[in-house]
Amino acid sequence: MKSAMLPLDFKEFQEKVSTLLRPWQRSFQFWFRAVDIYTGYKVFQVRVNLEKDLEKRETMWEKQHEVAADKIYNMCADLGGFFLKVAQIIGKPDLAPAAWVRRLVTLCDQAPATPYNVIKIVLEKELGQSVEEIFERFDADPLGSASIAQSFVPINWCNAKDYQNFGFRCLNLFLKASVHRARLKGDKSDVVVKVQHPGVQDLMMTDIRNLQAFALYMQKTDIKFDLYSVTKEMEKQLQNFMSLDYASIYMYSIAYDSKIGYEFNFLREADAMEKIRRFLRVLVMEYVDGVPILKLGDEMAKRGIKPGGQVAAVAKQNILKSLTLAYGQMILRSGFFHADPHPGNILICRGSEVALLDYGQVKDLPEKLRLGYASLVLAIADNDPIKASESYRPKPTDASGVAEDSALTTS
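Set out below in structure tokens:
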């Protein structure tokens with residue numbers, strides 16, 4: 000008797016094959032493009048060395064950086080996910096040519112959205128209920144689908160002299176996720192739901208391994224900078240934050256640690272939201288509106304505010320004061336702080352309130368390091384180079400353990 004053959008599900012088979020091949024395809028794309036960018040610079044170095052005029056050489060370098068910036072932009076935009084964060088890291092004025100910074104600064108806004116049906120499957124599997132049972136409204140179109148998706152918890156800070164609002168927004172640094180605005184049943188305020196894209200972990204680890212190999216080669220042949228240690232730190236962060244639960248825990252840790260010495264309260268307590276706040280692949284937080292700091296000038300222009308006028312000057316002063324107070328509190332008092340304060344992670348809300356984005360990078364400073372840093376800041380303010388040089392120097396009675404702590408500053 001012949002056994003009956005099971006029908007072949009071609010679509011399922013195709014998806015399995017695609018999943019198996021995806022890391023290899025992704026690695027090929029990375030190396031093909033990275034080698035193209037690298038060899039472009041090496042060939043250019045030969046050409047530019049033949050030019051004796053210094054002004055012409057500077058112009059040639061600028062054009063070369065622009066060409067490379069376009070290629071880096073396209074590579075990171077096409078690969079998405081982790082490479083959007085890579086672009087964010089290298090696209091800083093202290094690390095990259097100006098042409099790269101100009102091109103990469105808005106890259107995280109370009110990530111393609113994940114289809115809603117995929118997001119819905121992940122959401123319902125994680126929460127154990129249908130979207131309709133939990134949410135009164137759930138927007139299918141994402142607020143944003145960059146490598147850094149936005150979930151929020153705003154908090155208030157005040158002391159006897161000043162009152163400042165901070166919207167602390169929890170973002171998971173490395174995880175590609177979608178962000179959707181929604182409203183929980185029985186609630187009157189909107190929330191933001193962050194849903195991690197399926198199958199992200201294997202691709203992220205493939206990306207970091209490729210980047211580590213490239214960094215190791217570059218620092219051995221061309222640059223005098225420890226890129227490999229940077230990528231190892233990225234790997235450590237990636238392993239820590241594959242669960243969105245970590246992002247929520249660290250954000251709340253900073254909020255709790257920073258309340259010492261201040262009157263503290265959440266802007267809104269939502270029992271329904273609290274029940275489903277933390278899951279491995281879903282994070283639900285209160286929605287807070289705001290304008291990215293890089294677009295603040297455009298927003299002022301729309302409202303008829305002159306960028307160089309008195310109103311703008313007061314707003315800028317309040318923003319700077321808020322950021323200073325926030326980081327002073329986190330670094331000097333609690334020691335547990337947001338460690339990635341580049342312009343893309345700063346949002347301005349109503350009344351010049353400041354929201355810090357992206358809690359994927361956080362650091363915990365031991366007390367000795369905090370005291371040393373405080374001494375350094377005071378020495379710089381007093382213009383005292385001797386005192387500054389002695390800020391982290393171990394005292395005769397306190398030599399043990401300081402070297403270990405100091406190593407954290409270079410990690």
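Counting from 1, position 335 in the sequence shown corresponds to residue 334 in numbering that gives the first Met the number 0; the numbering is continuous, with no gaps.
Each residue gets a CB set at the ideal place from its N, CA and C atoms; glycine is no exception.
Residue i and residue j closer than 9 Å at C-beta
i, j, result
"Gly80", "Leu202", "yes"
"Asn73", "Arg101", "no"
"Ala76", "Gly39", "no"
"Pro342", "Val104", "yes"
"Val281", "Val121", "yes"
"Glu135", "Lys184", "yes"
"Gly308", "Ile347", "no"
"Lys231", "Gln218", "no"
"Phe224", "Ala181", "no"
"Val194", "Glu125", "yes"
"Met86", "Glu61", "In the sequence on display, residue 86 carries Ala and not Met. It is not a contact, given that the beta carbons lie outside the stated cut-off."
Inter-residue spacing [alpha-carbon to alpha-carbon] between residue i and residue j
i, j, result
"Asn155", "Glu366", "Any reading at Asn155 needs caution, since the residue's pLDDT is 29, under 50, leaving its predicted position unreliable; the model's value is listed next. Looking at the two C-alpha atoms, the distance is approximately 25 Å."
"Asn48", "Leu106", "32 Å"
"Arg46", "Pro114", "47 Å"
"Gln63", "Asp206", "26 Å"
"Ile345", "Ser351", "12 Å"
"Glu235", "Phe43", "The amino acid occupying residue 235 in the given sequence is Lys; Glu does not appear at that position. Those two C-alpha atoms are separated by around 36 Å."
"Glu65", "Lys41", "15 Å"
"Leu142", "Ile304", "27 Å"
"Ile88", "Met233", "11 Å"
"Ile259", "Leu324", "The predicted position of Ile259 is uncertain, since its pLDDT is 41 and thus under 50; a value taken from the coordinates is nonetheless stated next. In a straight line, the C-alpha of Ile259 is about 13 Å away from that of Leu324."
"Lys51", "Pro96", "22 Å"
"Val190", "Arg349", "18 Å"
"Val361", "Lys55", "44 Å"
"Gln128", "Val287", "26 Å"
"Ala311", "Asp93", "27 Å"
"Gln328", "Lys320", "12 Å"
"Lys315", "Thr58", "35 Å"
"Asp383", "Asp140", "55 Å"
"Phe370", "Val376", "Position check: residue 370 holds Leu in this sequence, whereas Phe was assumed. Roughly 10 Å separates the two Cα atoms."
"Ala380", "Arg392", "19 Å"
"Leu83", "Val229", "16 Å"
"Phe151", "Val192", "The predicted model places Phe151 with a pLDDT of 37, which falls under 50 and marks its position as unreliable, so this point remains unresolved."
"Val313", "Ser388", "35 Å"
"Leu368", "Tyr216", "33 Å"
"Gln24", "Tyr326", "42 Å"
"Met204", "Ala300", "43 Å"
"Asn116", "Ile330", "42 Å"
"Leu322", "Pro291", "14 Å"
"Leu53", "Gly90", "26 Å"
"Phe167", "Arg302", "At Phe167, the pLDDT of 28 sits below 50, so the modelled position is not reliable; the number obtained from the coordinates is stated separately. If I take the Cα positions, the gap works out to 26 Å."
For residue j and residue i, believed in contact at Cβ under 8 Å, the rounded distance
i, j, result
"Ser177", "Ile118", "5 Å"
"Ala378", "Lys386", "4 Å"
"Ser390", "Asn209", "Actually they do not touch by this definition, with Cβ atoms about 39 Å apart."
Option nearest residue i by Cα separation, candidates the options
i, options, result
"Asp363", "Arg332, Arg349 and Glu352", "Arg332"
"Phe415", "Met59, Lys70 and Gln218", "Coverage of the chain is limited to positions 0 through 410, which leaves residue 415 absent and any answer about it impossible."
"Ala354", "Ile318, Asp35, Gln128 and Trp23", "Ile318"
"Arg21", "Val130, Gln195, Leu78 and Arg369", "Leu78"
"Val34", "His179, Phe213 and Val192", "Phe213"
"Glu285", "Leu322, Ile330, Asp186 and Met299", "Asp186"
"His179", "Val130, Ile222 and Leu215", "Val130"
"Tyr37", "Ala300, Asp221, Val313 and Leu322", "Asp221"
Any chain B beta carbon closer than 9 Å to residue i
i, result
"Lys184", "Protein chain content of the structure displayed is limited to a single chain, and chain B is not contained in it."
Quick one: any contact between the stretch 320 to 339 and the stretch 284 to 295, if contact means 3 or more CB pairs under 8 Å?
no
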